[in-house]
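Novice: Before anything else, here's the structure in question.
In this note's numbering, the protein residues as written are 2 to 325.
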């Protein structure tokens, strides 16, 4: 039922996608300008190097031939990718100081970008919560400004943790990819399957343990400390069920985005990328409402009610919490 309710809530909040899109385009533009000035001077030489361009070209050829079904040439291309990868590693060793400084600035830059986009996700979650709880149509920017302190503090904690986890996963995936390319023990198709499977599991694992953070702040009105304790505690949270749901959602999101790239030459990503974040926020809120046994709207006329409703106090009613 969570999936069904999530998609109903997603459709009910479809207009939020355009607000997410506009916000992310603004952030992307600003961060691109800043990045080109601050970070590029450290890693520009690396980006323009023949070794890296050769590696990128090899990977592009591999993906293109794989998608076109030219499986017979994948073995030769993977060998070229392996050689290009080794040349890149050798180049990195000769320019270690510049690369370390560039990587440091890049990580700081990514954290700042994650912090800003996280503000948009926080505002998105507020809009979804208000619609589910009170059928209120809250303004995106107004909700962000009025909750800026809480959103800023949340992302100040979440963004570095998220980037650290992503870097560890990226490093592990890079090692796995190198092993799969070098190893001739397993067929390439199986290697790609393993790589994508590990990626999906890693993303789902992170989202499973952080999915209660935002809802507990926004709907549960918990403090940052209590929200952190709440999200990482797994008591009565059906962790395996949530984990499996996230795996399915991630696979659906990946499929939709890849389809958008192949069928619309990337134009569809303008909708599918912000929609991906919105539907994930919808699932987090639905999961929280269901577990806490709170009533919520999934559309204008349909209310999902818990098996046993709590008695509403006078104070809760006048605070607008009569739907709990």
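Heads up, the beta-carbon is just placed ideally off N, CA and C, and yes, glycines get one too. All values derive from a computational prediction rather than experimental measurement.
Taking the alpha-carbon positions, what's the residue 20 to residue 86 distance?
Specialist: Roughly 40 Å separates the two Cα atoms.
Novice: Decide yes or no for the touch test of the region 293-301 against the region 132-147: beta carbon pairs closer than 8 Å, at least 3 of them.
Specialist: The region 293-301 is in contact with the region 132-147.
Novice: Could you give the DSSP three-state label for residue 15: helix, strand or coil?
Specialist: Here residue 15 sits in coil by DSSP.
Novice: According to DSSP, simplified to helix, strand and coil, what is residue 268?
Specialist: It is coil, neither helix nor strand.
Novice: For residue 304, which three-state DSSP category applies?
Specialist: Here residue 304 sits in strand by DSSP.
Novice: When burial is assigned at 16 or more other CB atoms within 10 Å of the CB, is residue 94 buried or exposed?
Specialist: It is exposed - the Cβ of residue 94 has fewer than 16 other Cβ atoms within 10 Å.
Novice: Using the C-alpha atoms, what's the distance from residue 156 back to residue 26?
Specialist: Residue 26 and residue 156: Cα-Cα distance of roughly 19 Å.
Novice: Tell me the rounded alpha-carbon separation between residue 190 and residue 166.
Specialist: Answer to the nearest angstrom: the Cα atoms are 27 Å apart.
Novice: Fully enclosed by the region 71-120, which alpha helix (DSSP H) runs are 4 residues long or longer?
Specialist: Qualifying alpha helix (DSSP H) stretches, in chain order: 75-95.
Novice: Start and end of the alpha helix (DSSP H) containing residue 213?
Specialist: Here residue 213 belongs to no alpha helix (DSSP H), and DSSP marks it neither H nor E.
Novice: Take residue 302 as the anchor and find which of 10, 212, 99, 3 has the nearest alpha-carbon.
Specialist: Nearest of 10, 212, 99, 3 to residue 302, Cα basis: 10.
Novice: Mind checking which residues open and close the alpha helix (DSSP H) that includes residue 52?
Specialist: Its alpha helix (DSSP H) spans residues 51-68.
Novice: Using 8 Å as the Cβ pair cut-off and three pairs as the minimum, do the region 207-221 and the region 158-178 touch?
Specialist: Yes, the region 207-221 touches the region 158-178.
Novice: Cα separation between residue 33 and residue 53?
Specialist: Spanning the two alpha carbons is a distance of roughly 21 Å.
Novice: Who are residue 298's beta bridge partners in DSSP?
Specialist: Answer by DSSP bridge pairing, in chain order: 304.
Novice: By the DSSP assignment, the alpha helix (DSSP H) with residue 223 in it spans what residues?
Specialist: Run containing residue 223: none; DSSP gives neither H nor E here.
Novice: What do you get for residue 246, buried or exposed, if any count of 16 or more other CB atoms within 10 angstroms of its CB means buried?
Specialist: Residue 246 is buried by the Cβ-count criterion.
Novice: Report all residues from its chain with a CB closer than 8 Å to the CB of residue 154; omit the five preceding and five following residues, and keep chain order.
Specialist: These residues qualify, in order along the chain: 225.
Novice: Find out if the Cβ-Cβ distance for the pair residue 203, residue 170 is shorter than 8 Å.
Specialist: In contact: residue 203 and residue 170 (Cβ atoms closer than 8 Å).
Novice: Starting from residue 1 and walking both ways along the alpha helix (DSSP H), at which residues does that stretch end?
Specialist: As shown, the chain starts at 2 and ends at 325. That puts residue 1 outside it, with no answer to give.
Novice: Quick one: using the 10 Å Cβ neighbour count with 16 as the cut-off for buried, is residue 13 buried or exposed?
Specialist: By the 10 Å Cβ count, residue 13 comes out buried.
Novice: Excluding five sequence neighbours on each side, which residues of the same chain lie with their C-beta closer than 7 Å to the C-beta of residue 144?
Specialist: Same-chain partners within the cutoff: 124, 127, 128.
Novice: Taking residue 56 and residue 89 to be in contact with their CB atoms under 8 Å, please state how far apart those CB atoms are, rounded to whole angstroms.
Specialist: Yes, residue 56 and residue 89 are in contact; Cβ-Cβ is about 5 Å, under 8 Å.
Novice: Pair every Cβ in the region 249-261 with every Cβ in the region 271-288, then say whether three or more of these pairs are closer than 8 Å.
Specialist: Enough Cβ pairs lie closer than 8 Å, so yes.
Novice: Please say whether residue 78 and residue 66 have beta carbons closer to each other than 8 Å?
Specialist: Yes, these two residues count as a Cβ contact at 8 Å.
Novice: Should residue 267 go down as buried or exposed, given a rule of 16 or more other Cβ atoms within 10 Å for buried?
Specialist: Under this definition residue 267 is an exposed residue.
Novice: Check residue 292 in the structure and name its three-state DSSP category.
Specialist: Helix, per DSSP.
Novice: Tell me the DSSP secondary structure of residue 48 in three-state form.
Specialist: If DSSP states are grouped into helix, strand and coil, residue 48 belongs with the helices.
Novice: Are residue 103 and residue 24 touching if we call contact CB-CB under 8 Å?
Specialist: No; because the gap between Cβ atoms is not below 8 Å, this pair is not in contact.
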